[in-house]
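Report on one structure; see the data block that follows.
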Amino acid sequence: VRLDLIIGALVVFQIVMLAGLLVQHRRRRRAEESLRENEAALRSSYEEAHVLARKVLTAQEVERTRLARDLHDDLSQGIAALSLDIQGLKGRQGTFQDESAQAALASLHEGIVSVARNVRALAHDLHPGRLQNGALSVALASHCHEVQRRNGLTVAFSANEDVGSLSPETSVNLYRIAQEALRNACRHAGARRAAVSLIRRNGAVELAIEDDGRGFDLPGTRRSLAGLGLVSIEERVRFLNGTANIETAPGAGTKVRVSVPAG
Amino acid sequence: METPAPTVVVVEDDSATLKALGRVLKALGFDAALYSSTQEFLASLPQTTPICLLLDAHVKGTPGLDLQHQVAALGSSLPIIVMSALDDLDVRADAVRMGCVGYFDKTSNVDELRKLISSVHHPATDRKQGD
């Protein structure tokens with residue numbers, strides 16, 4: 001009887017152990033499934049974030065082009081008409097020939113010319129006409145010249161002769177990357193010198209922007225809102241299926257190197 | 001008998017700018033023939049003998065810089081001065097490449113315009129050609 005009791009107890013114990021293992025196995029399987037689902041959801045939201053970023057960049061470009069066209073077609077035409085009218089008044093006989101009237105008209109014209117210059121710079125920043133033809137190196141050379149003129153930063157530009165023609169998509173995104181890097185060099189880094197180079201080799205286009213500014217803490221900037229410019233650079237590179245390398249540290253300047261398939 | 005003022009043709013699709021250019025040209029001593037489209041101008045070309053054409057680079061219809069070919073195709077060697085509201089280096093470069101005789105930034109001093117027109121207007125030669 002005692003042996004029977006021991007065997008019975010062992011059988012019950014085994015059954016309980018088996019049931020416990022079964023429950024544990026089920027829980028583990030559910031946990032694994034949940035982990036897989038979370039991973040898939042994370043991957044999907046990561047993909048969605050990139051698709052969204054791509055759509056935002058494209059929409060931004062379309063909007064910038066429209067604004068540049070409106071500035072040109074409407075605002076600058078209106079300014080030109082005003083400028084011509086003021087000059088027409090300067091030549092008109094009668095009280096318009098008084099010294100004070102002539103001085104006032106000359107001052108008005110100077111003001112109009114200054115407004116026209118600002119509108120022109122804004123339109124150029126929004127969308128340089130040359131990019132429509134895929135002439136990236138010409139547009140970049142012109143932008144470097146303009147940055148130097150406006151900000152007093154010495155900007156050297158070089159490009160090899162074989163850069164050739166690129167797709168509007170590649171051109172505009174590389175142009176925006178250079179624009180963003182130079183904007184950072186002027187606004188935040190207090191740089192005195194910068195260099196932009198564009199090289200085509202082995203089926204890829206390499207763009208590099210270097211400055212001698214104060215540099216920054218890369219991981220910290222990535223985490224903060226101030227790092228939106230970096231995000232924009234990296235998203236544009238991802239959009240072009242390329243690679244980006246940013247080297248910087250406080251006091252050490254900044255080097256942005258980008259390589260994308262030539263297309 | 002008083003010599004009639006030489007005619008300058010203006011093709012510009014912005015009506016305010018077109019009228020302002022008309023007033024400026026009159027003040028500079030020219031007759032202005034104003035057209036708001038390239039088609040309108042091309043239709044009138046065989047009947048007019050202007051000394052030059054002031055052409056907006058971004059005029060709607062035939063793009064400004066393509067018009068030169070059409071003018072030449074009509075047998076005219078009319079000098080063309082291209083204008084733009086934005087002092088655009090691209091337009092300047094294209095204008096030179098297309099053989100236009102000058103470029104006028106519409107916000108710059110009209111003395112520049114007077115000089116450009118004078119550079120293509122040679123009264124004695126023009127009169128001979130008109131005879």
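Chains as they are written, first to last, in our numbering: chain A, 1 to 263; chain B, 1 to 131.
Just so it is clear, CB atoms sit at the ideal spot from N, CA and C, and this is done for glycine as well.
Model, not experiment: these values are computed from the prediction.
With distances taken between CB atoms, is the gap from V126(A) to R69(A) smaller than 7 Å? Residue 126(A) is actually Leu in this sequence, not Val. The answer is no: Cβ separation not under 7 Å.
Host beta strand (DSSP E) of L34(B) (start-end): That run of the beta strand (DSSP E) goes D31 to Y35.
Leaving out five residues on either side along the sequence, give the residues of the same chain with a beta carbon under 6 Å from the beta carbon of V163(A). Around V163(A): S137, L198 and R200.
Anyone know if the C-beta pair for T107(B) and S83(A) falls short of 7 Å? Their beta carbons are under 7 Å apart, which means T107(B) touches S83(A) by this criterion.
Nearest to R236(A) by CA position, among E247(A), V147(A), R257(A) and P219(A), is which residue? Of E247(A), V147(A), R257(A) and P219(A), the smallest CA-CA separation from R236(A) is found for R257(A).
Measure the alpha-carbon distance for I51(B) versus V8(B) and round it to whole angstroms. Counting only the Cα atoms, V8(B) lies some 6 Å from I51(B).
Give the residues of chain A in contact with R23(B), contact being defined as C-beta atoms less than 8 Å apart. Contacts between R23(B) and chain A, judged by CB atoms closer than 8 Å, involve L84, D85 and G88 in chain order.
Can you give me the start and stop residues for the beta strand (DSSP E) that I199(A) sits inside? Per DSSP, I199(A) belongs to the beta strand (DSSP E) from R193 to R201.
On the three-pair Cβ rule with 8 Å, is the segment 138 to 155 of chain A touching the segment 176 to 185 of chain A? The segment 138 to 155 of chain A vs the segment 176 to 185 of chain A: in contact.
Between the beta-carbon of A72(A) and the beta-carbon of A123(A), is there less than 7 Å? According to the sequence displayed, residue 72(A) carries His and not Ala. The answer is yes: Cβ separation under 7 Å.
A81(A) CB to nearest chain B CB: under 7 Å? It does; some Cβ of chain B falls within 7 Å.
Counting contacts by CB-CB distance shorter than 7 Å, is T17(B) in contact with chain A? By the rule that beta-carbons nearer than 7 Å mark a contact, T17(B) touches chain A.
Skipping 5 residues on each side, what residues in its chain have a beta carbon closer than 6 Å to that of A53(A)? So the qualifying residues of the chain are E235.
Compare the C-beta of V59(B) with all C-beta atoms of chain A and state if any pair is closer than 7 Å. No, because no Cβ of chain A sits closer than 7 Å to the Cβ of V59(B).
Does T17(B) pass the burial test, meaning 16 or more other C-beta atoms within 10 Å, or should it be called exposed? Looking at its Cβ environment, which holds 16 or more other Cβ atoms inside 10 Å, T17(B) is buried.
Chain B contact for A116(A) (CB, 7 Å cutoff): Chain B, which has a Cβ nearer than 7 Å to the Cβ of A116(A), makes this yes.
Nearest candidate by alpha-carbon position, reference R66(A), set Q87(A), E48(A) and P128(A): Taking only the C-alpha atoms, the option nearest R66(A) is P128(A).
Just reading off the alpha helix (DSSP H) that G20(A) is part of, what are its end residues? That run of the alpha helix (DSSP H) goes R2 to D70.
Verify the CB distance criterion: does A95(B) have a CB-CB separation below 7 Å to chain A? With 7 Å as the cut-off, A95(B) does not count as an interface residue toward chain A.
Do you know how far the Cα of V12(A) is from the Cα of I6(A)? Rounded to the nearest whole angstrom, the CA to CA distance from I6(A) to V12(A) is 10 Å.
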